[in-house]
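I have placed the structure first, in the form of structure tokens, so that the comments after it can refer back to it.
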Amino acid sequence: MTTKRFFLFRCFTGIRAPMSRKATWVIGTASILLLLALYTRLSIHQHMINPTDTTIPTWMQMSEGISKIFAAQPRTGDRWIVEDVLATLSRLGFGLGIGVFIAFALGMSMGVWRWMEAFFLPILSLFAKIPPTAMMAVFFTLFGTELKMYGAIIAFGVIPTLAQTIYLGLKDIAEERIDKARTLGASTTEIIFCIMFPQILPKLLDAIRLQIGPAMVFLIAAEVLVGDVGFGYRIRLQSRLLNMNVVYPYLAYLALFGFGMDMGMRWIQCKLCPWYAKGGVS
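Every number in my numbering is 29 more than the matching position in the sequence shown, counting from 1.
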């Protein structure tokens with residue numbers, strides 16, 4: 030077996046075998062192209078059965094739907110994509126901002142003071158088991174259907190998991206580091222923000238990044254039910270009309286927005302915590 034063949038064999042069969050960035054990019058691109066090819070084949074097959082089918086639109090039909098999304102509406106002059114992006118992203122940012130702020134305060138408090146841990150941990154553990162979508166009727170009653178409702182449902186969904194992640198990260202910090210800092214004369218505030226916070230910052234950023242997906246699920250579910258603008262509202266409206274050439278691009282835009290936010294959080298983590306991004310220890 031030649032050296033090149035041995036390397037390829039090890040790359041595909043070895044446990045966590047190293048892979049070049051080029052190979053990673055090629056394989057990732059191939060997976061996307063395969064998905065597009067499968068969709069194209071399915072669309073062609075469906076239109077051979079029913080030429081007027083709109084449930085699995087062809088690429089030509091898809092381009093017509095995209096044009097409709099970006100076109101100015103005759104009556105109002107507004108563009109769907111502009112209205113929906115502004116509405117959905119503002120709601121997502123508002124809800125995530127509130128959720129992260131409260132979760133950070135709770136998680137840090139629970140990790141620092143045991144009486145806070147004893148008080149809040151059972152409550153968070155209980156709330157973590159309640160699906161936020163099951164609480165929608167409660168949020169509609171308490172907050173109506175305006176921005177506060179969307180922020181509340183997103184915050185309720187992300188706070189329990191995020192707060193417990195921060196709390197568990199603080200629990201993993203070796204007591205020896207805290208004792209050493211205390212011996213050197215560090216105050217409680219200095220220990221919290223100079224010793225403990227830098228330790229959990231990488232995990233905090235990871236946890237926020239992983240909560241983007243669930244937050245989008247909660248938001249879209251609420252928009253589908255009661256929204257009058259936004260991605261969920263537009264998907265509900267167009268799916269009822271079987272305009273899937275509009276629905277599928279909206280789903281693709283959601284995926285791109287989520288991917289962009291994920292990459293943004295990774296970039297922030299690389300800048301703030303380079304030792305963690307490179308696989309080092311804190």
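Glycine residues also receive a C-beta, built at the ideal position from the N, C-alpha and C atoms. From a predicted model like this one, the values you see are computed outputs, not experimental measurements.
- prompt: What is the rounded straight-line gap between the Cα of LEU67 and the Cα of ILE73?
  reply: Taking the sequence shown and counting its residues from 1, one reaches residue 67 at position 38. Taking the sequence shown and counting its residues from 1, one reaches residue 73 at position 44. Straight-line Cα distance between these residues: approximately 10 Å.
field: From ALA166, GLN90 and GLY186, residue whose alpha carbon lies closest to that of ILE131
entry: Indexing the sequence shown from 1 puts residue 131 at position 102. Out of ALA166, GLN90 and GLY186, GLY186 has the C-alpha closest to the C-alpha of ILE131.
task: Kindly list the residues whose CB is nearer than 8 Å to the CB of MET292, restricted to its own chain and excluding five residues on each side of it in sequence; keep chain order.
output: Looking up residue 292 in the sequence shown gives position 263. Excluding positions up to five away in sequence, the list is empty.
- prompt: To the nearest angstrom, how far is it from the Cα of GLU219 to the Cα of VAL111?
  reply: The residue labelled residue 219 in the question sits at position 190 within the sequence shown. The residue labelled residue 111 in the question sits at position 82 within the sequence shown. If I take the Cα positions, the gap works out to 46 Å.
message: Residues in the same chain with beta-carbon distance under 7 Å from MET294, minus the five sequence neighbours each way, listed in chain order, please.
response: Along the sequence shown, one-based indexing puts residue 294 at 265. These residues qualify, in order along the chain: LEU234, ILE237 and ARG238.
message: For the alpha helix (DSSP H) containing CYS302, name the first residue and the last one.
response: The sequence position of residue 302 within the sequence shown is 273, counting from 1. Looking at the DSSP string, CYS302 is not in any alpha helix (DSSP H), and its letter there is neither H nor E.
- prompt: For TRP109, which of ILE195, GLY259 and LYS158 has the nearest alpha-carbon?
  reply: For the purposes of this step, residue 109 is taken as the residue at position 80 of the sequence shown. The shortest C-alpha to C-alpha distance from TRP109 to any of ILE195, GLY259 and LYS158 is the one to GLY259.
query: For GLY57, which residues from the same chain have a beta carbon less than 6 Å from its beta carbon, with the 5 sequence-adjacent residues on both sides left out?
result: For this step, residue 57 is matched to residue 28 along the sequence shown. Hits under 6 Å: none found.
query: Does the beta-carbon distance from ILE183 to GLY136 come in below 8 Å?
result: By 1-based counting over the sequence shown, the position of residue 183 is 154. By 1-based counting over the sequence shown, the position of residue 136 is 107. No.
query: In terms of residue numbering, what span does the alpha helix (DSSP H) encompassing MET95 cover?
result: As a working mapping, residue 95 is identified with position 66 in the sequence shown. One detail in the question is off: residue 95 reads as Ile in this sequence, not Met. It spans 88-99 - the alpha helix (DSSP H) in which ILE95 sits, taken as one unbroken run.
- prompt: Between which two residues does the alpha helix (DSSP H) carrying ARG206 extend?
  reply: Indexing the sequence shown from 1 puts residue 206 at position 177. Start and end: 204-212.
task: Assign GLY289 to buried or exposed, taking buried as 16 or more other Cβ atoms, counted over all protein chains shown, within 10 Å of its Cβ.
output: Locating residue 289 in the sequence shown gives position 260, counting from the first residue. When all chains shown are included, GLY289 counts as exposed.
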